[in-house]
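Below is one structure; the comments refer to it alone.
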Amino acid sequence: MNEESYKEKLSGFYRDLMPKVQYFEHFKKIADREIASNFNCFNFIQPNELKLSSIIADLLNPDGTHGQKDLFLRLFFDLLPESVAEICRQIPACNWQVDIEFSTHKGRRIDLLIQANGPSKFVIAIENKPWAIEQENQLKDYAEFIDKLCKDRNILIYLAGRDEEPKSLDEHLRNALKEQGRFELLNFNPHLINWLQACRQQCQADKVRWFLKDFSEYICKEI
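Note that our numbering has the sequence shown beginning at 419, numbered continuously upward.
If you want it as structure tokens, here you go:
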């Protein structure tokens, strides 16, 4: 095929395509009166790391504004090592407490700390790193701190924007914690998105379901 024929075929392709594109855009404008397909509340918020932690914390909180009690927390347990998840599932919802920016003995702040109080005490620490990297020895200090809070009944979660191991936890300690079920690397995509989708499927509140959908789309686009 010579260049002239190629240009003619390409021109014909776009000429045939344009009416279909125009029809799609026309239909989309009509449909958007009811479904607003481009609308996403996160387009206006543009949350930072702290705001993301606050959103996740509220979803994980059995007393959160979502009104779904411990449903989202129970679904989150499915992301943990099975041995840890099984322990957490046995703990009553009323025993769980969720905090953000929890201060440690070394003056650091853990993004999210989920504690089960009472006789079945357990601690889940989540370091939320969608974009930034950790400070020196940050996760090492967190691992030591939560083990002092609850000896051997704890897990440190590194929630990362990309699938890469943390720099502030040396390989030897990281592997040791993994073997004990006390460290887990999770990514916003796919792990957190899968959790949000599971939450949306079982959530009974329409308003919250739409929020979960918007949150998932924001993560796919921005993180």
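Beta carbons are placed, not taken as given, at the ideal position from N, Cα and C, and that holds for glycine. Just so you know, these numbers come straight off a predicted model, no measurement behind them.
Ignore the nearest five residues each way along the sequence and tell me which others in residue i's own chain have a CB closer than 7 Å to its CB.
| i | result |
| --- | --- |
| residue 630 | 614, 617, 618, 621 |
| residue 521 | 527 |
| residue 550 | 467 |
| residue 487 | 480, 511 |
| residue 581 | 605 |
Quick one, which of the options has its alpha-carbon nearest residue i's?
| i | options | result |
| --- | --- | --- |
| residue 490 | 463, 540, 612 | 612 |
| residue 389 | 596, 627, 639 | Absent from the structure is residue 389, since the part of the chain shown begins at 419 and ends at 641. |
| residue 559 | 524, 572, 569 | 524 |
| residue 537 | 514, 529, 504, 625 | 514 |
| residue 508 | 516, 534, 529, 519 | 534 |
| residue 571 | 593, 601, 465, 624 | 601 |
| residue 505 | 573, 624, 628 | 573 |
| residue 594 | 628, 561, 422 | 561 |
| residue 608 | 639, 623, 426 | 639 |
| residue 623 | 482, 429, 436, 610 | 482 |
Count the other C-beta atoms from every protein chain shown that fall within 10 angstroms of the C-beta of residue i, then say buried if there are 16 or more, exposed otherwise.
| i | result |
| --- | --- |
| residue 590 | exposed |
| residue 548 | buried |
| residue 496 | exposed |
| residue 463 | exposed |
| residue 431 | exposed |
| residue 592 | buried |
Which same chain residues end up closer than 6 Å to residue i when comparing Cβ atoms and leaving out the 5 residues on each side of it in sequence?
| i | result |
| --- | --- |
| residue 576 | 545, 584, 603 |
| residue 501 | 599 |
| residue 569 | none |
| residue 626 | 484 |
Grab me the residues of residue i's own chain with a C-beta within less than 8 Å of its C-beta, minus the 5 sequence neighbours each way, in chain order.
| i | result |
| --- | --- |
| residue 606 | 548, 577, 578, 579, 637, 641 |
| residue 469 | 463 |
Report, in whole angstroms, the separation of the C-beta atoms of residue i and residue j, which I expect to be a contact under 8 Å.
| i | j | result |
| --- | --- | --- |
| residue 484 | residue 477 | 6 Å |
| residue 471 | residue 532 | Rounded, the Cβ-Cβ distance is 12 Å, inconsistent with contact. |
| residue 530 | residue 474 | 6 Å |
When you compare the CB of residue i with every CB in chain B, is at least one pair closer than 8 Å?
| i | result |
| --- | --- |
| residue 486 | Of the protein chains in this structure there is only one, and it is not chain B. |
Checklist entry - If we count Cβ pairs, one from each stretch, closer than 8 Å, do we get three or more for the segment 583 to 601 versus the segment 550 to 557? => result yes
Checklist entry - Are three or more beta carbon pairs between the segment 559 to 572 and the segment 531 to 545 nearer than 8 Å? => result yes
Next on the checklist: Taking contact to mean 3 or more Cβ pairs, one atom from each stretch, closer than 8 Å, check whether the segment 624 to 639 and the segment 451 to 465 are in contact.
Outcome noted: yes
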